Each structure stands twice: as C-alpha cells, then as structure tokens.
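J.: These protein sequences, in sequence, are chains A and B. The numbering used here applies: residue 1 is where the first sequence begins, and numbers increase by one. The numbering used here applies: residue 1001 is where the second sequence begins, and numbers increase by one. Shown below is the structure under consideration.
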Amino acid sequence: MKTLSYFLILAFSGGEHAGGGSPLDVNPGLILWTVVTFIFLLLILKKLAWKPILKSLNDRENLIKESLEKAEVARKEAEKLIAENKLNMQKSEEEAQKIIEQSRELAEKLKMQILEDSKKTANKMLEDAKAEIERKNAEAFNKLKEQVADIAITAAEKILKENLDKAKQINIVDKYLNEINKN
Amino acid sequence: MYTGQELIGADTLKQVAETAKKTDTSWIMHDVLDANEIDLTPFGIIHLPHLNLFGFDISITKHVVFMWIAMLILIFVLKKVAKSYKSSLIPKGVTNLTETLILFVRDEIAKPTIGKGYENFLPYLLTVFFFILTCNFLGLIPYGSTATGNISVTATLATLSFLVIQIGGIWKNGFFGYFKGLLPHGIPAWLIPIMFVVELLGLFTKPFALAIRLFANMTAGHIVILALIGLIFILHTYVVVPISIAFALFIFLLEILVALIQAYIFTMLSSLFIGMAVHQEH
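Dropping the structure here:
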C-alpha cells in the first residue's frame, strides 16, 4: 500500500514539477474564454452560415423532389401517349388493310364487270354483224332476184320483138345467156 | 515489520526518483497541458499576454489561441460555403465536404434523435460538431494544440450542452411539467423523493460524462504518441526508432479517426439528451 502511494505521489509531484499543473486542473480564465468564444461562434455562424446553408439545402431538396415528381408525371403522360399512339397506329393499320381489301374487292368486281361488259359488247357486236350480214345477204338476194326478173322480162321483150325464127331465137337466148354470165 | 516495509518503500522511491531524473518525461505533459506561450521551437516562443478581471486570471493561453484559430477557420470556410450556394445549388469542392458533414449532423444525428422540432437545435449541434472537429484536427498538425484536450474547455462545452438540454426540455414541457416528466411512470409514491434525486443526479452525470470522454480521448492519444516517440530518447538507442515511428504513426492515424468519432459522439449524445428532454414520453 505504501509503495503504491509513493508512486502516486511521485507521479503527481513529477507532473507538478514539470508543467506547473496536472491535466485535471481547471482554469477559470479558460472557461470564460471558451464560453465567450463558443457563444460568439454560435451566433456568428448561425447568422452567416447555418441559416443560408440550411435554407439552400432545403431549397435544393424541394427542387429535387419537385423535379422528380414532375418527371414522374411527364413519364406517365409519355407512356399514355405512347400507348395511345400504338393504339392509333394499330387502328390506322387495320383501316388501311381494310381499305386495301375493299379496293381490291372493288377492283376485282370492276374487272369482272368490265370483262363481262366487254364480252357482252363483243357478243352484241358479233350478233349485230351477223344480222347485218344476213340482212345484206337478203338484200343482195332480193336485188338479184329483181335483176333476174328484169333480165328475164327484158329478154322476153327482146324475144318478142325479134322475129320468131328458131335460129334467131337460139341466138338471142345464147346472147342473153352470155350477157347474164358476163354480168 | 512496519519499519522494514517503509524502508523498502523509501528505497524504491529514491530509486524511482533517480531514474525519473535521468529519463525526464515532463515534456510530454508540457506538450499536452495549457501554457502561457506558444512554443514554436526552433523559430522561437510566442509569449501571450496576462490579463486579469476582478481578481480572476483570464490570460490568453495556448488553448484560447487555438480555439480562436478554429473559430476563424470555421467562420472563413463556412461563410465561403454559404456564399457558394448563391451562385449554384450544386456543391463543389469545400462545399461538398462541408455539406456532407452538415447533412450528416442533420439527417443522422438531429432528425432521428430529436424528431419533431429538431430545426431549433440544429445551429447549436452544428456549431458544436464543427468546433470540436476543428479543434481536434488542429491538435494533429505540427505546432498545433488540442483545445478539446483540456478539461476546462470540454467541461464548458458540456455545461453549454447541459444548459441547452435543460432549456430545451423546460421550453417544450413547461417548468413543472419537465421536472415531473423526469420521474418514471407508475412508481410507488414513497419512491418519488428518492427517484427524483436519482434522476436529478442523472441530469448532471450526462454532461459530466461528455466532458470527461472528450477530454480523455483527445489527451490520451497525444500522450501515447509522445510516449512512443519518447522511447527513443529514454532508451538512448536507434534500434527502437522504426518501432516507435511505426507505432506512433499507427496511433496518429487512429487519432484522426478518434478526432472524427469524438466530435460525432459529443454531438450525437447532446442531441440524444436533447431529444430525451424534449420528448419525455419515450
């Protein structure tokens, strides 16, 4: 026990001898200066630094928050627009397909109709032409008939006008027959 | 028997005293303790003025000067930071570093421990944090001195914390409400006087622990570094140099960590006690 106390005395006396105090000494002057310094620092920093800095930080946080919210809204809107666009495109594509289909059908129909029409026209023309030919034939035949009759009458007249000698008659008949043949 | 022991004791004392003279380590304490001069050997010694106020010695000491240096650094840097926000809200350089610390104090210390109404205590907590941090770091630079390694300084800071805690509690809960709230709920009536005294003592032990913790942490690291370096001179050999330097360097790095941690702990505990005083229901 005694030895220990000697060591303690030595330790403290050594300290006092060296620095004029132990680390546990309280210095009232230093306390005063600490209070003054700290309170001065607190007041000056509160006015110069903390208020503007904290305000700026809050402002920035609000700005970021608002920006994020705005971005979120914009994103949702864009997504909606894209979906709408997609829908519209699909619709328009369908419509286009429909139009193409319709027009194809129409074209087919038109083609058929035109084909039919032209066939009909061609048939009609053919029939007309046939009728015309028939008619012309008939006409020609009639004319021939008339001419033959005329010729026969004229021949008869001439025969009647000539003297009725046989040779002459034969001659005449031959002559007229030749004429007819020539005709 | 008794005399024999005393003789042995006296012998030991003599022996120890002789050894102590040979290996004088008073310079360790000289370096850690406050002084009336700033030792800038080999450039000379700055003697500081002695002042007196109503019989009290209020001389400007080494630690006062270093507190003032810390104060000037903080005012200069933080003013610059505050100004930098005016030009742009995007932090850069010093602003970035300071902002990280400010946000740390705000979001990790004040907000979770105090909760609602933390904004009122934020300037105090920020000032305490930055002041202690700067003082701690000033002790780590050459020719520097740790003001926070002085019990007078830490005790004063702890007392200010104590005042902020009590004023915060009284302001929020009312004078009688605050002291009534100190007592735990549902204790027997005959225990109330005892518990009141215990709780009242508890109020004072908190800042006392704050003061001792900061002071001891800041002083201990310095003494360990100086003792390790001192081994070279005490043992009078170069063999110990690499070991001394390596260990001293390790402790120095540890001190950087401790400087940060102690500033954090002081602020954190102050904030926690403020939170306990303001919201007593918890």
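Where a beta carbon is used, it is the ideal one built from N, C-alpha and C, also for glycine. Predicted, not measured: the structure shown is a model, and the values here were computed from it.
Can you give the Cα-Cα distance for A/Thr37 and A/Lys47, rounded to whole angstroms?
T.: Stepping through the first sequence from its first residue, residue 37 of chain A is reached at position 37. Stepping through the first sequence from its first residue, residue 47 of chain A is reached at position 47. If I take the Cα positions, the gap works out to 15 Å.
J.: Have a look at B/Asn1096, B/Pro1123, B/Phe1076 and flag the residue whose alpha-carbon is nearest the alpha-carbon of B/Ile1109.
T.: Stepping through the second sequence from its first residue, residue 1109 of chain B is reached at position 109. Measuring from the Cα of B/Ile1109, the nearest candidate turns out to be B/Pro1123.
J.: Which of the three DSSP states is assigned to B/His1063 in this structure?
T.: Along the second sequence, one-based indexing puts residue 1063 of chain B at 63. B/His1063: helix per DSSP, three-state reduction.
J.: Roughly how far, in whole angstroms, is the beta-carbon of B/Val1240 from the beta-carbon of B/Leu1231, given that I think they are within contact range, below 8 Å?
T.: Working through the second sequence from its first residue, we reach residue 1240 of chain B at position 240. Working through the second sequence from its first residue, we reach residue 1231 of chain B at position 231. Confirmed, Cβ separation roughly 5 Å.
J.: Which same chain residues end up closer than 7 Å to B/Thr1154 when comparing Cβ atoms and leaving out the 5 residues on each side of it in sequence?
T.: Reading the second sequence from its first residue, position 154 is the one you call residue 1154 of chain B. Excluding residues within five positions, the ones whose Cβ falls inside 7 Å are Thr1148, Ala1211, Leu1214, Phe1215.
J.: At a CB-CB cut-off below 9 Å, which residues of chain B make contact with A/Ile31?
T.: As a working mapping, residue 31 of chain A is identified with position 31 in the first sequence. Ordered by position in chain B, the residues that pass the 9 Å Cβ test against A/Ile31 are Ser1152, Val1153, Ala1155, Thr1156, Thr1159.
J.: Helix, strand or coil for A/Ala11? Go by DSSP, reduced to three states.
T.: For this step, residue 11 of chain A is matched to residue 11 along the first sequence. Unreliable positioning characterises A/Ala11 in this predicted model, as indicated by a pLDDT of 47, which lies under 50. A coordinate reading is not provided.
J.: Measuring alpha carbon to alpha carbon, tell me which residue in B/Pro1184, B/Val1224, B/Val1197 is nearest B/Met1276.
T.: The residue labelled residue 1276 of chain B in the question sits at position 276 within the second sequence. With distances taken between Cα atoms, B/Met1276 lies closest to B/Pro1184.
J.: My understanding is that B/Val1278 touches B/Ile1167, with C-beta atoms under 8 Å, so please give their C-beta distance in whole angstroms.
T.: Walking along the second sequence from the start, residue 1278 of chain B turns up at place 278. Walking along the second sequence from the start, residue 1167 of chain B turns up at place 167. Incorrect: roughly 10 Å between the Cβ atoms, too far for contact.
J.: Helix, strand or coil: which one does DSSP assign to A/Asp25?
T.: Taking the first sequence and counting its residues from 1, the one referred to as residue 25 of chain A is at position 25. Reduced to three states, the DSSP call for A/Asp25 is coil.
J.: Shortest alpha-carbon distance to B/Cys1135 belongs to which of B/Ala1189, B/Phe1054, B/Leu1260, B/Gly1174?
T.: Against the second sequence, residue 1135 of chain B aligns to sequence position 135. When each option's Cα is compared against that of B/Cys1135, the closest is B/Leu1260.
J.: Based on the DSSP secondary-structure assignment, which residues constitute the bridge partners of B/Asn1052?
T.: In the second sequence, counting from the first residue as 1, residue 1052 of chain B sits at position 52. Partner(s): B/Asp1057.
J.: On the DSSP bridge list, what partners appear for B/Glu1037?
T.: Locating residue 1037 of chain B in the second sequence gives position 37, where the first residue counts as 1. Bridge partners of B/Glu1037: B/His1047.
J.: Taking the alpha helix (DSSP H) that B/Ile969 falls in, what are its first and last residues?
T.: The requested residue 969 of chain B is not part of the displayed model; chain B covers only 1001 to 1282.
J.: Within the same chain, show all residues whose beta-carbon is closer than 8 Å to that of B/Ile1251, passing over the 5 residues directly before and after it, in chain order.
T.: For the purposes of this step, residue 1251 of chain B is identified with residue 251 of the second sequence, where counting begins at 1. The residues are Gly1221, Val1224, Ile1225, Leu1228.
J.: What do you get for B/Ser1161, buried or exposed, if any count of 16 or more other CB atoms within 10 angstroms of its CB means buried?
T.: Locating residue 1161 of chain B in the second sequence gives position 161, counting from the first residue. The residue in question, B/Ser1161, is buried, as its Cβ has 16 or more Cβ neighbours within 10 Å.
J.: Do you know offhand how far B/Phe1176's Cα is from B/Ser1152's?
T.: Taking the first residue of the second sequence as 1, we reach residue 1176 of chain B at position 176. Taking the first residue of the second sequence as 1, we reach residue 1152 of chain B at position 152. In a straight line, the C-alpha of B/Phe1176 is about 32 Å away from that of B/Ser1152.
J.: Run the proximity test for A/Ile99: is its beta-carbon closer than 8 Å to any non-hydrogen atom belonging to the ligand MG?
T.: The ligand MG is not part of the structure shown, which contains no ligands of any sort.
J.: B/Ser988 CB to nearest chain A CB: under 9 Å?
T.: Residue 988 of chain B falls outside the range modelled here, since chain B spans only 1001 to 1282, and no answer is possible.
J.: What are the boundary residues of the alpha helix (DSSP H) that B/Asp1107 is part of?
T.: The sequence position of residue 1107 of chain B within the second sequence is 107, counting from 1. First-last for B/Asp1107: undefined, no H or E at that position.
J.: Tell me where the alpha helix (DSSP H) around B/Thr1134 begins and ends.
T.: Working through the second sequence from its first residue, we reach residue 1134 of chain B at position 134. Run containing B/Thr1134: 1122 to 1138, per the alpha helix (DSSP H) assignment.
J.: Three-state secondary structure (DSSP) at B/Leu1182?
T.: Numbered from 1 along the second sequence, position 182 holds the residue referred to as residue 1182 of chain B. If DSSP states are grouped into helix, strand and coil, B/Leu1182 belongs with coil.
J.: Does A/Asn88 come within less than 9 Å of chain B when only Cβ atoms are used?
T.: Position 88 of the first sequence holds residue 88 of chain A. Not closer than 9 Å to any Cβ of chain B, the Cβ of A/Asn88 fails to qualify, so no.
J.: What three-state label does DSSP hand B/Ile1187 in the structure shown?
T.: Locating residue 1187 of chain B in the second sequence gives position 187, where the first residue counts as 1. Three-state DSSP puts B/Ile1187 in coil, outside helix and strand.
J.: Does A/Val35 have its Cβ less than 9 Å from a Cβ in chain B?
T.: Numbered from 1 along the first sequence, position 35 holds the residue referred to as residue 35 of chain A. Chain B, which has a Cβ nearer than 9 Å to the Cβ of A/Val35, makes this yes.
J.: Exposed or buried, what is A/Ser67 when buried is set at 16 or more other beta-carbons lying within 10 Å of its beta-carbon?
T.: As a working mapping, residue 67 of chain A is identified with position 67 in the first sequence. The residue is exposed, with fewer than 16 neighbouring Cβ atoms inside 10 Å.
J.: Find out if the Cβ-Cβ distance for the pair B/Phe1131, A/Leu63 is shorter than 9 Å.
T.: Working through the second sequence from its first residue, we reach residue 1131 of chain B at position 131. Working through the first sequence from its first residue, we reach residue 63 of chain A at position 63. No, these two residues do not count as a Cβ contact at 9 Å.
J.: Which full runs of the alpha helix (DSSP H) of 4+ residues lie inside the stretch 1155 to 1229 of chain B, going along the chain?
T.: Counting whole runs of 4 or more residues, the stretch 1155 to 1229 of chain B contains the alpha helix (DSSP H) stretches 1175 to 1181.
J.: Does DSSP classify A/Glu16 as helix, strand or coil?
T.: Locating residue 16 of chain A in the first sequence gives position 16, counting from the first residue. Residue confidence for A/Glu16 is low, a pLDDT of 40 falling below 50, so the modelled location carries little weight; the figure read from the coordinates is stated next. In this structure, A/Glu16 counts as helix in the three-state DSSP scheme.
J.: Since B/Thr1148 meets chain E, which of its residues come closer than 9 Å, beta carbon to beta carbon?
T.: You won't find chain E in this structure, because its protein chains are A and B.
J.: Is the distance from the Cβ of B/Met1195 to the Cβ of B/Gln1262 below 9 Å?
T.: Mapped onto the second sequence, residue 1195 of chain B falls at position 195. Mapped onto the second sequence, residue 1262 of chain B falls at position 262. Not closer than 9 Å, so no.
J.: What residues of chain A sit near B/Leu1287, judged by a beta carbon separation below 9 Å?
T.: Look at the range of chain B in this structure, 1001 to 1282, and you will see that residue 1287 of chain B is not part of it.
J.: Consider the Cβ of B/Arg1213: report whether some Cβ of chain A lies at a distance smaller than 9 Å.
T.: Counted from its first residue, the second sequence places residue 1213 of chain B at position 213. Answer no: the Cβ-Cβ gap between B/Arg1213 and chain A never drops below 9 Å.
J.: Give the interface partners of B/Met1071 over in chain A, defined as CB-CB distance under 8 Å, in chain order.
T.: The residue labelled residue 1071 of chain B in the question sits at position 71 within the second sequence. Within chain A, the residues near B/Met1071 are Thr37, Phe40, Leu41.
J.: Just reading off the alpha helix (DSSP H) that B/Trp1027 is part of, what are its end residues?
T.: Stepping through the second sequence from its first residue, residue 1027 of chain B is reached at position 27. B/Trp1027 -> alpha helix (DSSP H) spans 1026 to 1032.
J.: Can you name, in chain order, every residue of its own chain whose Cβ lies under 6 Å from the Cβ of B/Tyr1178, other than the five neighbours on each side?
T.: As a position in the second sequence, residue 1178 of chain B is number 178, starting the count at 1. Same-chain partners within the cutoff: Gly1169, Ile1170.
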